[in-house]
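A short write-up of the structure that comes next.
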Amino acid sequence: MLSGGKEDLGALAMLEDSVKKLKSPKTSPGLALSKAQIDCALDYLADWVYESCGSVSFSALEHPKFRAFLNQVGLPAVSRREFCGGRLDVKFEDAKVESEARIRDAMFFQIASDGWKVKSFSGFSGMNLVNLTVNLPNGTSLYRRAVFVTGSVPSRYAEEILWETISGICGNAVQQCVGIVADRFKAKALRNLENQNHWMVNLSCQFQGFTSLIKDFSKELPLFKTVTENCFKLANFVNNKPQIRNSFRKYQLQENGHAGLLRVPLREYEKMDFGPVYAMLEDVLSSARALPLVLLDESYKRVSMEDPTAREVAEIIRDVGFWNELEAVHSLVKLIKEMAQEIETERPLVGQCLPLWDQLRAKVKDWCSKFHIAEGAVEKVIERRFKKNYHPAWAAAYVLDPLYLLRDASGKYLPPFKCLTPEQEKDVDKLITRLVSMKELILH
1 MLSGGKEDLG ALAMLEDSVK KLKSPKTSPG LALSKAQIDC ALDYLADWVY
51 ESCGSVSFSA LEHPKFRAFL NQVGLPAVSR REFCGGRLDV KFEDAKVESE
101 ARIRDAMFFQ IASDGWKVKS FSGFSGMNLV NLTVNLPNGT SLYRRAVFVT
151 GSVPSRYAEE ILWETISGIC GNAVQQCVGI VADRFKAKAL RNLENQNHWM
201 VNLSCQFQGF TSLIKDFSKE LPLFKTVTEN CFKLANFVNN KPQIRNSFRK
251 YQLQENGHAG LLRVPLREYE KMDFGPVYAM LEDVLSSARA LPLVLLDESY
301 KRVSMEDPTA REVAEIIRDV GFWNELEAVH SLVKLIKEMA QEIETERPLV
351 GQCLPLWDQL RAKVKDWCSK FHIAEGAVEK VIERRFKKNY HPAWAAAYVL
401 DPLYLLRDAS GKYLPPFKCL TPEQEKDVDK LITRLVSMKE LILH
């Protein structure tokens with residue numbers, strides 16, 4: 001402890017000097033590293049930056065504190081240009097060489113293209129990115145190229161891009177590509193390429209098919225239109241009336257523990273993407289306890305005396321039928337979204353497509369029963385979408401898959417032809433005839 005005399009000045013000076021050193025330590029370089037060690041360390045750093053996929057910005061490499069860290073561990077400063085240029089080019093070339101080697105080693109491959117179909121209103125910015133990848137027999141996918149497209153893409157252009165990608169991979173040995181899966185152009189580009197190359201099987205993306213089914217329901221089922229309109233009216237009124245909004249926030253906090261505006265999509269994009277509409281339905285449904293309390297608030301009673309919209313919204317909120325219909329729509333969309341998510345994650349085989357749609361039909365039938373919805377109109381929407389997505393390869397792969405063999409009375413395991421419609425049975429014969437060359441047919 002210091003006494004405060006002159007003899008303490010030296011000790012105080014030493015203490016002050018120590019504090020200054022702690023506050024601003026001098027960066028002294030660490031042990032000298034060899035060139036090989038430095039190159040290895042920077043390669044690891046580059047891998048980390050690239051694999052972080054944007055969560056680490058290139059500008060962070062030039063941050064003074066990061067540079068001080070590099071200096072402290074004996075590494076030279078790195079530039080953003082080096083990581084965006086030379087090193088990235090080397091990484092790309094290495095990945096390209098490895099990718100091409102794996103494709104050459106494969107007996108066959110499939111091209112997958114995603115992005116032709118605009119999935120949300122963000123596509124109105126004018127630019128859309130189409131990713132083309134190579135699916136290998138072992139279940140892995142390799143990135144091949146990306147193409148920027150603007151506006152409405154002609155089918156012929158898509159066909160040229162797909163064929164250019166195939167020939168760019170295998171040159172004249174185009175038989176190595178057994179088919180294409182795409183989120184658009186089934187009726188034209190994919191069919192044309194199939195007709196020109198008899199060994200190809202070109203399929204529609206199942207994930208896109210299920211996602212499009214939601215949009216089909218929103219367009220064709222009156223239930224969806226009624227619920228959507230009522231939610232628009234309710235959400236806009238609650239959000240735009242200050243007295244009602246404040247009251248709503250109060251009861252949100254009381255019932256849900258958090259408060260916020262109800263999400264309302266822009267009307268001009270509603271028909272293109274049901275996603276924002278679904279978010280609005282979720283918000284209204286999650287406010288099922290708060291909204292009736294708003295009607296009991298004095299502020300709502302005062303507004304209702306002068307505003308007819310307030311009285312209309314009050315009728316909607318008090319209507320048990322509205323909440324039942326809202327729950328029904330939300331439940332159906334959730335059901336389809338979950339199945340689509342499983343498709344995206346699991347990437348089912350072609351032979352699983354027919355069982356997938358049968359599973360969907362069974363689930364929707366249960367939904368109709370639960371919410372007392374007439375099945376006819378719903379089934380029509382599903383069948384129309386099924387026919388748009390259906391390919392004869394679904395039926396052929398289904399009956400040829402050992403997983404679906406059926407045991408008959410004698411104990412033999414037979415292909416499940418009895419599960420196919422007469423048209424699908426004919427599809428199997430036609431497809432096998434097309435895939436097998438005329439020379440092979442004569443030999444057999």
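Letter by letter, the sequence shown follows residues 1 to 444 of UniProt numbering. We treat Cβ as the ideally placed atom computed from N, Cα and C, and that holds for glycine. Bear in mind the structure is a predicted one, so any value in this text is a computation, not a measurement.
Just so you know, the alpha carbons of K387 and A112 end up roughly 21 Å apart.
In the DSSP assignment, I180 falls within the beta strand (DSSP E) that extends over C177 to A182. In this structure the region 130-146 touches the region 93-106; the number of beta carbon pairs closer than 8 Å is three or more.
In the same chain as E194, and ignoring 5 residues on each side of it, the C-beta atoms closer than 6 Å to its own belong to M200 and N202, in chain order.
Assigned with DSSP and collapsed to three states, S410 falls in coil, not helix or strand. Assignment of beta-bridge partners to L203 by DSSP yields V181. For F109, there is no enclosing alpha helix (DSSP H); the enclosing beta strand (DSSP E) has its first and last residue at F109 to D114. Put simply, of L190, Y251, L332 and Q208 the residue whose alpha carbon is nearest the alpha carbon of S218 is L332.
Exposure of Y44 is indicated by the presence of fewer than 16 other C-beta atoms within 10 angstroms of its C-beta. Counting only residues of its own chain and dropping the five nearest sequence neighbours on each side, R184 has a CB closer than 7 Å to the CB of W116 and K117. Ranked by how close their Cα comes to the Cα of A328, the residues T226, C205, V90 and E315 have T226 in first place. The residue from G376, C368 and L253 with its alpha-carbon nearest to that of R289 is L253.
Scanning its chain for C-beta atoms nearer than 6 Å, with the 5 sequence neighbours on each side dropped, one finds around V78 the residues L61, in chain order. Taking one beta carbon from each stretch, the region 226-237 and the region 343-360 have fewer than 3 pairs nearer than 8 Å; the two do not touch. Remark: fewer than three beta-carbon pairs, one from each stretch, lie closer than 8 Å, so the region 297-306 and the region 348-361 are not flagged as touching. Residue S286 holds the alpha-carbon nearest to the alpha-carbon of G257 among T150, P76 and S286.
Taking 7 Å as the cut-off, the beta carbon of L291 is found no closer than this to the beta carbon of H330. 7 Å or more divides the Cβ of V149 from the Cβ of N131.
V153 carries a coil assignment under DSSP once its states are collapsed to helix, strand and coil. If you draw a straight line from the Cα of T433 to the Cα of L262, it is about 56 Å long. Under the criterion of beta carbons closer than 8 Å, G74 and A32 qualify as touching, at roughly 6 Å.
Just so you know, the alpha carbons of E375 and L360 end up roughly 13 Å apart.
Here D427 is near P392, since their CB atoms are less than 7 Å apart. Boundaries of the alpha helix (DSSP H) around N230: P222 to N240.
Distance from the Cα of P242 is smallest, within the candidate group A310, P64, R191 and K334, for A310. Annotation for N324: the continuous alpha helix (DSSP H) segment containing it runs V320 to E346. Distances from the CA of L435 to each of V49, A362, A158 and Q175 were compared; the closest alpha carbon is that of Q175. Spanning the alpha carbons of S57 and L190 requires a straight line of approximately 39 Å.
Residue state for Y143 is assigned as strand, using DSSP reduced to three classes.
Here the alpha carbon of S167 sits roughly 48 Å from the alpha carbon of P64. Put simply, the backbone Cα of K188 is about 46 Å away from that of G260. Scanning the region 72-101 from its first residue to its last, no whole beta strand (DSSP E) run of 3-plus residues comes out.
Between the beta-carbon of F210 and that of I336 there is about 6 Å, and that keeps the pair under the 8 Å contact cut.
Excluding its 5 nearest sequence neighbours in each direction, R385 has C-beta neighbours in its own chain below 8 Å: G209, S212, L213 and D216, listed in chain order. Comparing C-alpha distances from W163 to each of P222, P137 and V181 shows the shortest one belongs to V181.
Spanning the alpha carbons of P265 and F92 requires a straight line of approximately 40 Å.
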